[in-house]
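Q:
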Amino acid sequence: AQKITQTQPGMFVQEKEAVTLDCTYDTSDQSYGLFWYKQPSSGEMIFLIYQGSYDEQNATEGRYSLNFQKARKSANLVISASQLGDSAMYFCAMRGVLISSGSARQLTFGSGTQLTVLP
Amino acid sequence: DSGVTQTPKHLITATGQRVTLRCSPRSGDLSVYWYQQSLDQGLQFLIQYYNGEERAKGNILERFSAQQFPDLHSELNLSSLELGDSALYFCASSVAPGRTGELFFGEGSRLTVL
Chain F
1 AQKITQTQPG
11 MFVQEKEAVT
21 LDCTYDTSDQ
31 SYGLFWYKQP
41 SSGEMIFLIY
51 QGSYDEQNAT
61 EGRYSLNFQK
71 ARKSANLVIS
81 ASQLGDSAMY
91 FCAMRGVLIS
101 SGSARQLTFG
111 SGTQLTVLP
Chain G
1 DSGVTQTPKH
11 LITATGQRVT
21 LRCSPRSGDL
31 SVYWYQQSLD
41 QGLQFLIQYY
51 NGEERAKGNI
61 LERFSAQQFP
71 DLHSELNLSS
81 LELGDSALYF
91 CASSVAPGRT
101 GELFFGEGSR
111 LTVL
């Protein structure tokens, strides 16, 4: 089974500062992917960043970077230079690959972190 | 725009009724996933189809059913609706089952059961 834990229900950050959203995971899959999605108040799920379990370098996408520590099973999202438009719910998620079939599992989500950027 | 289309965007109905939610995946994507997002249970995986066949089942109630058609669009049928079925229902698609790439989500169908 897969499990994603996000321990911060809510976070506040001042505009233009950096913020780290925590995510830990548990899986028995040897190969897996880790994701962060953003859900603004309008409701849509927006893909932000992806990290493969065998990727040697931490993923970066513009102002987003993923601090991947495999031994600790953590995949924290770092948002640099926060903007007011970053205020949203952020979800960490993962997909593993079933060794038996080679098929990727469905995406398993954490409970989310509500980020509020203060002017 | 993710390329995944869901209709309707909003739906209000009464308890005991039946509704159908529709999803068109991104062009070329063979896998379709359905998720339910409610306030108390977060994002819950319901069911996955790949090229017309059911691949995985999550916390899907017996009152709910889904299918994927030859043109790859999918429908989620919710019957005997209860107040607790009020939620945002997402459809997502991905390219191939063996890759752990991202899922692309539609904008969701917001169901309100009165």
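Protein chains in written order, with the working numbering: chain F, 1 to 119; chain G, 1 to 114. Glycine residues also receive a C-beta, built at the ideal position from the N, C-alpha and C atoms. As the structure is a computational prediction, the values presented were derived from the model and not from experiment.
Output the distance between the C-alpha atoms of L21/G and D71/G, rounded to the nearest integer angstrom.
A: Position 21 of the second sequence, counted from the start, is the residue given in the question as residue 21/G. Position 71 of the second sequence, counted from the start, is the residue given in the question as residue 71/G. For L21/G and D71/G, the distance between alpha carbons rounds to 16 angstroms.
Q: With a Cβ-Cβ cutoff of 7 angstroms, do A93/F and F35/F count as a contact?
A: The residue given as residue 93/F occupies position 93 in the first sequence. The residue given as residue 35/F occupies position 35 in the first sequence. Result yes, Cβ atoms of A93/F and F35/F sit closer than 7 angstroms.
Q: Check this for me: beta carbons of L76/G and A92/G, under 7 angstroms apart or not?
A: To locate residue 76/G, count along the second sequence from 1; it is residue 76. To locate residue 92/G, count along the second sequence from 1; it is residue 92. The answer is no: Cβ separation not under 7 angstroms.
Q: Quick check on DSSP: helix, strand or coil for L21/G?
A: The sequence position of residue 21/G within the second sequence is 21, counting from 1. DSSP places L21/G in strand when its eight states are reduced to three.
Q: Give the range of the beta strand (DSSP E) segment to which C92/F is assigned.
A: Within the first sequence, residue 92/F is the residue found at index 92, counting from 1. Where C92/F is concerned, the enclosing beta strand (DSSP E) stretches over 88-96.
Q: Between which two residues does the beta strand (DSSP E) harbouring V32/G extend?
A: One-based indexing of the second sequence puts residue 32/G at position 32. Where V32/G is concerned, the enclosing beta strand (DSSP E) stretches over 31-38.
Q: Around the Cβ of N51/G, are there at least 16 other Cβ atoms within 10 angstroms (buried) or fewer (exposed)?
A: Position 51 of the second sequence holds residue 51/G. Answer is exposed; the Cβ neighbour count stays below 16.
Q: At 7 angstroms on the CB atoms, spell out the chain F contacts of Q48/G, in chain order.
A: On the second sequence, residue 48/G is found 48 positions in, with the first residue counted as 1. Neighbours of Q48/G on chain F, chain order: Q106.
Q: For T112/G, collect the residues of the same chain with a Cβ closer than 8 angstroms to its Cβ; drop the 5 residues on either side in sequence, then sort them by chain order.
A: For the purposes of this step, residue 112/G is identified with residue 112 of the second sequence, where counting begins at 1. Result list for T112/G: H10, L11, I12, T13, S86, in chain order.
Q: Mind reading off the beta-carbon distance from D26/F to K73/F? Whole number of angstroms is fine, and I expect it under 8 angstroms.
A: Residue mapping note: residue 26/F aligns to position 26 of the first sequence, counting from 1. Residue mapping note: residue 73/F aligns to position 73 of the first sequence, counting from 1. Their Cβ separation, rounded to whole angstroms, is 6 angstroms, which keeps D26/F and K73/F in contact under 8 angstroms.
Q: Hey, how far is the Cα of I4/F from the Cα of A75/F?
A: Walking along the first sequence from the start, residue 4/F turns up at place 4. Walking along the first sequence from the start, residue 75/F turns up at place 75. Spanning the two alpha carbons is a distance of roughly 10 angstroms.
Q: Following the continuous beta strand (DSSP E) through F64/G, name the residue where it begins and the one where it ends.
A: Working through the second sequence from its first residue, we reach residue 64/G at position 64. Where F64/G is concerned, the enclosing beta strand (DSSP E) stretches over 64-68.
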